Amino acid sequence: MARLSILFAPDVQLKRRALPVEQVDGEVRRLMDDMLETMHGANGIGLAAPQVGVLKRIIVVDVARPEESPQPWRMANPEIVWSSDDAVAGEEGCLSLPEQYAEVVRPSRVCVRYLDHQNEMRELEASGLLAKCIQHEIDHLDGVLFVDHLTSLKRGIILRKLAKQKRQMATV
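Numbers in this note's numbering are just positions in the sequence shown, counted from 1, shifted up by 1057.
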């Protein structure tokens, strides 16, 4: 397995729509495994392929707490087939927007259909943190960042902070 480089906003690749995967083969499984290693190495709970510069509809998620055994989900072509009417607000962050957090409102429960790492079609009903993380990662596949769910004022503040951090890193 290999660690991949994570793209940071405002990289234009993060705003592009990812393309479907025809099948989960050895190459896609390797990418999923590399994405999991990258995500765990960055202390994240979710990662989408566009965040590592691959425009494919692939996400990985693991919301297990550090003291728990890993519980990774590998999903190709995930799509939400239903979501609950009840919504919940919760703080979100993103590996592509380091150290930036904001409250986002999302459905509290979802059912997602996807191809697993063995190329089998699956459905998963998720709630709580897992539901939120899956929705966040699927957004990435459509070129949507969590800040796109915020008011333009809040989004602007966060993006200006990131641009400033990027400029400071470039001068170091």
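Where is the CB? At the ideal position from N, CA and C, for every residue including glycine. Quick caveat, the model's predicted, so the values are computed rather than measured.
Check                                                                                                                                                            : Outcome
Do V1267 and A1133 have their C-beta atoms closer together than 8 Å?                                                                                             : For residue 1267 there is no data in the structure shown, the boundaries of the chain being 1058 and 1229.
For the 8 Å Cβ check, are there 3 or more pairs between the region 1202–1222 and the region 1111–1130?                                                           : no
Specify the secondary structure class of Q1080 as computed by DSSP and reduced to three states.                                                                  : coil
S1062: which of V1078, L1219, V1138, D1091 sits nearest, CA to CA?                                                                                               : D1091
Pairing CB atoms from the region 1144–1152 with CB atoms from the region 1170–1179, are three or more of them under 8 Å?                                         : no
Could you check what DSSP says for P1107 in three-state terms: helix, strand or coil?                                                                            : helix
Quick one: residues in its chain with C-beta nearer than 6 Å to the C-beta of A1183, no 5 flanking neighbours on either side, listed in chain order?             : V1167, I1191
With H, G and I counted as helix, E and B as strand and the rest as coil, what does DSSP make of S1209?                                                          : helix
Can you find the residues in the same chain that come closer than 6 Å, C-beta to C-beta, to A1059, ignoring five residues on each side of it along the sequence? : D1091
Bridge partners for Y1171 per DSSP, in chain order?                                                                                                              : R1179
So what's L1202 in DSSP terms, helix, strand or just coil?                                                                                                       : coil
Does DSSP classify E1094 as helix, strand or coil?                                                                                                               : helix
Taking the DSSP output, what are the residues bridged to C1151?                                                                                                  : L1154
Are the Cβ atoms of L1088 and V1111 separated by less than 8 Å?                                                                                                  : yes
Helix, strand or coil, according to DSSP, for I1063 in the structure here?                                                                                       : coil
Closest to I1195 by CA distance: which of V1162, R1074, L1064 is it?                                                                                             : R1074
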